[in-house]
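So the sequence shown is residues 505 to 982, counted in our numbering.
Just so you know, even glycine gets a beta-carbon here, dropped at the ideal spot from N, CA and C.
Data block below; observations after.
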Amino acid sequence: MPLSKGHRSILSNAVFVYASLLINQVSRAIYVVVLARVLGPELYGLLAYGQAWYVALVPLSLFGLGTILVREVGRDRRNGRRVADNAAAIRVVTILFAAVVSGATGVLLNESQVISTLMLIFAVALVGRAAALWAEEMFQAYEVNRFTFRLARVFRTSEVLLGIIVALWTKDIIWVATVHALVWLAQGARGLILVFRHLQLLKPRWNWPEIRILLVACIPIGFGGFFQALMLQSGIILYRRSGAADELVGNFAIAVQALVILGSLFAALSRAALPAVSRSVARGDSRHRQYVSVMLRSAFVFGTLASVWALAIGAEITVLLLGAKYQIAGTWLWLMLLVLTPFVIKQAVSTTLVAHGDYVRSMLLSLVGIVSMVVAVLMLMPLYGFPGVIGGMLVGFSINVVVALGVIVRMRLVEHPGDIPRLVTIMTLTLLTFLLMTGYQPVLAAMVATVVLFSGVLLFGVIRETEKDAIRALLSRS
Numbered sequence: 505m506p507l508s509k510g511h512r513s514i515l516s517n518a519v520f521v522y523a524s525l526l527i528n529q530v531s532r533a534i535y536v537v538v539l540a541r542v543l544g545p546e547l548y549g550l551l552a553y554g555q556a557w558y559v560a561l562v563p564l565s566l567f568g569l570g571t572i573l574v575r576e577v578g579r580d581r582r583n584g585r586r587v588a589d590n591a592a593a594i595r596v597v598t599i600l601f602a603a604v605v606s607g608a609t610g611v612l613l614n615e616s617q618v619i620s621t622l623m624l625i626f627a628v629a630l631v632g633r634a635a636a637l638w639a640e641e642m643f644q645a646y647e648v649n650r651f652t653f654r655l656a657r658v659f660r661t662s663e664v665l666l667g668i669i670v671a672l673w674t675k676d677i678i679w680v681a682t683v684h685a686l687v688w689l690a691q692g693a694r695g696l697i698l699v700f701r702h703l704q705l706l707k708p709r710w711n712w713p714e715i716r717i718l719l720v721a722c723i724p725i726g727f728g729g730f731f732q733a734l735m736l737q738s739g740i741i742l743y744r745r746s747g748a749a750d751e752l753v754g755n756f757a758i759a760v761q762a763l764v765i766l767g768s769l770f771a772a773l774s775r776a777a778l779p780a781v782s783r784s785v786a787r788g789d790s791r792h793r794q795y796v797s798v799m800l801r802s803a804f805v806f807g808t809l810a811s812v813w814a815l816a817i818g819a820e821i822t823v824l825l826l827g828a829k830y831q832i833a834g835t836w837l838w839l840m841l842l843v844l845t846p847f848v849i850k851q852a853v854s855t856t857l858v859a860h861g862d863y864v865r866s867m868l869l870s871l872v873g874i875v876s877m878v879v880a881v882l883m884l885m886p887l888y889g890f891p892g893v894i895g896g897m898l899v900g901f902s903i904n905v906v907v908a909l910g911v912i913v914r915m916r917l918v919e920h921p922g923d924i925p926r927l928v929t930i931m932t933l934t935l936l937t938f939l940l941m942t943g944y945q946p947v948l949a950a951m952v953a954t955v956v957l958f959s960g961v962l963l964f965g966v967i968r969e970t971e972k973d974a975i976r977a978l979l980s981r982s
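So, in structure tokens, the structure goes:
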């Protein structure tokens, strides 16, 4: 049966979203590996520390406006154009504010001349990155993600090539940061030009009654995104501020990068799904509950699989790619990848709550997460050092997800809540299987644990019969 025009549009946009994601993540992985190896863990730790501050502030520059824009355009494009103009007025202010805060933080910290200079350069990068993300949100809202793909193809690959050349030539993190800032500025400018040409000429509207309504909605989303970003970046900040050596901070940053790269696969899916989930909520059907159910199962399976294989070969692969100085990052990579499961679940919960217009509850869940994580890190870091920081992140994210799941189960936003204890059981059995086989060859132990994982998913009834039929039909056609 031929696809309808609507289904072809959805499929086309999904292809462009994931093509862009593939370019972003592959280029990012290559960039991280080369930079970390060329600069060494000490310099890479300094660079990552400076980036952590500004990346945490990016959500404040976006201020949740994109989420509202995507939701409103997904419902009514005519009204969405008006919302976009109102959002433009707010965003000009928030981007400049976040950039000033980023630069001022570097000066006020007064840690060293290098850190202060890095923070000022990253303040410029923040302006470009915020503009680029603003354009991407417009493309997503109007479902023309081919433009996102075009920008990613040109500018992400350009940053990798230029950044590697500069790193090899100078081995100076100031020049590497400068390239990063200039490329983001160029991408942001080009993205907004495409918006003006093909979507709408954004005209900031200072209509206070309308802006006030928008602010009431976007303030909790903006701070919720800020708290969520802090959960990923504050580990690096807290660890270095505790007096840890830059070499250890560089190792920790590599482990965080692995989490971010893998987590971005699902974060992008959550962003891409928001328009469809919002329409499902508006129609009153069950597809938004199905989305949560699928993301829950994917999070447990993918997170467990990543952690098991990191236990088996994580240290060897890390040393092979980055060198012996990153041994500690590879040794504890498995623990960091356990954070992947709660991270993905939290993304799905946030998307669902935003689609329901429940912005305040989404923000409060993120606040619970960052407070839990900071407390856990401050308690475990003095006792266990490097693994204590990762353990604190795991505790914080886990508490966050337990509370989040309790909220959405109570709101009846999960199609099959009974899957949750089954998935926890399967995850536990898989990890225990690997640990019980530690006397054998690690790869063999990981293979057996993988079989246990997928067998558990099938035997515990986590996959529905209709889904099994669809898989069988697909295999038979193949």
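For the segment 861-912, the continuous alpha helix (DSSP H) assignments of 4+ residues that do not extend past its boundaries occur at 863-888, in sequence order. For valine 596, the CB contacts under 7 Å within the same chain, skipping 5 residues up- and downstream, are Pro708 in chain order.
Nearest to isoleucine 717 by alpha-carbon distance, out of Ala852, Ile534, Ser902 and Ile594, is Ile594. Residue environment analysis places methionine 885 among the buried positions, since at least 16 neighbouring C-beta atoms fall within 10 angstroms of its C-beta. Nearest C-alpha to alanine 592 among Leu550, Gly607 and Leu637: Leu637.
Counting along the chain, glutamine 704 sits inside no alpha helix (DSSP H), nor does DSSP assign it H or E at all. For histidine 792, the uninterrupted alpha helix (DSSP H) segment begins and ends at 791-826. The closest CA to that of alanine 533, considering only Val574, Pro563, Leu665 and Arg914, is found on Leu665. In this structure, valine 872 and valine 911 do not form a Cβ contact; the two beta carbons are roughly 10 Å apart against a cut-off of 8 Å. Rounded to the nearest angstrom, the gap between the Cα atoms of valine 720 and phenylalanine 659 is 35 Å. For glutamine 704, the closest C-alpha among the options Met735, Thr934 and Ala588 is that of Ala588. For phenylalanine 731, the enclosing alpha helix (DSSP H) starts and ends at 712-745.
For threonine 929, the enclosing alpha helix (DSSP H) stretches over residues 923-940. Judged by DSSP in its simplified three-state form, phenylalanine 964 adopts coil rather than helix or strand.
A Cβ-Cβ distance of about 16 Å is found for the pair valine 843 and methionine 799, leaving them out of contact under the 8 Å criterion.
When DSSP states are grouped into helix, strand and coil, valine 631 belongs to the helix group. In this structure, valine 559 sits near glutamine 737, with a CB-CB distance shorter than 7 Å. A direct Cα-to-Cα measurement between alanine 748 and isoleucine 697 gives close to 44 Å. Proximity to methionine 623 across Ala602, Tyr888 and Ala639 peaks at Ala602, based on C-alpha coordinates. Take threonine 682, set aside five residues on each side of it, and the residues of its chain with a beta-carbon closer than 7 Å to its own are Ile625, in chain order. Taking serine 746 as the centre and dropping the five residues before and after it, the same chain places the C-beta of Met885 closer than 7 Å to its C-beta, in chain order.
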